Amino acid sequence: MEPGIEELRKNYGKFDDRKLIRIASEEASGLRPEALELVKTIIKERGLSEQITKAIDVQLDKITEAQLLEYSELLRRLPCPVCNGVFDKLNATITATVISFIVMTSYRKKVKIACPQCLDKQNNDAMIKSALLGWWGFPWGIIRTPQALIFNNKRKKLNHLDGPNDLFKSFVLGRVGRIEASRKNPSELEDIINYIR
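With our numbering, the residue at position 157 of the sequence shown is 157, and numbering never jumps.
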């Protein structure tokens, strides 16, 4: 049974501003309509930024390619989270790393956002680590290590595209609410790329 409006108001009223902003900017698409209106009302009552209510609306609307590129460019113009460089636009990659020890093999993939040179370095580091530490597990180390080496090498080719690559667009699409809520606050935009969840 779903909680009524008064129960929701009581619950949302207990949340601090930070939690309410997170719900509005990240989870709005999962709320039912009356809960959305209640969150908007509480945000206005607390005098929080109008950008936060826009973040709710953005999550509920269909994002056009032009809007996606606009949100992507907001993040791509930020300083690189690795080297703090501002000369190249940011992009995204996935690194694959294999570490093995006799019967245990760990195969991990991680999303990284940085400038193209730093992304190349992260892919190279993952390849070196896998090449040195991946082979030593039987049977998966021998299988996964070449997979990781090939995967990282392929990902490097996508690090230097002029526009945002598909991975970066996907990253942005999943965070349009947070980006809209933080549009006028560069440090909050930097947090989006620094602390990938």
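C-beta: ideal position from N, C-alpha, C; glycine also.
For clarity, every value in this text was computed on a predicted model and none was experimentally measured.
Supposed contact pair residue j and residue i - C-beta distance, whole angstroms, cut 8 Å
i    : j   : result
L158 : T93 : 7 Å
K194 : P81 : First, the residue type needs correcting, since residue 194 is Asn and not Lys in the sequence shown. Indeed they touch by this definition, with Cβ atoms about 5 Å apart.
Backbone secondary structure at residue i - three-state DSSP
i    : result
R9   : helix
G137 : strand
R178 : helix
K62  : coil
V172 : helix
L132 : helix
S25  : helix
C83  : coil
I196 : coil
P186 : helix
M127 : helix
Beta-carbon gap between residue i and residue j smaller than 9 Å
i    : j    : result
T53  : K62  : no
D125 : T105 : no
R108 : K89  : no
D16  : L48  : no
I23  : A181 : no
G177 : E26  : yes
L60  : A28  : yes
Per-residue burial, residue i [other beta carbons within 10 Å of its own, 16 or more giving buried]
i    : result
T97  : buried
L36  : buried
K112 : buried
P164 : buried
R175 : buried
F151 : buried
L132 : exposed
Identified DSSP bridge partners for residue i
i    : result
A92  : I113
I142 : In DSSP, I142 forms no bridge with anything.
F101 : M104
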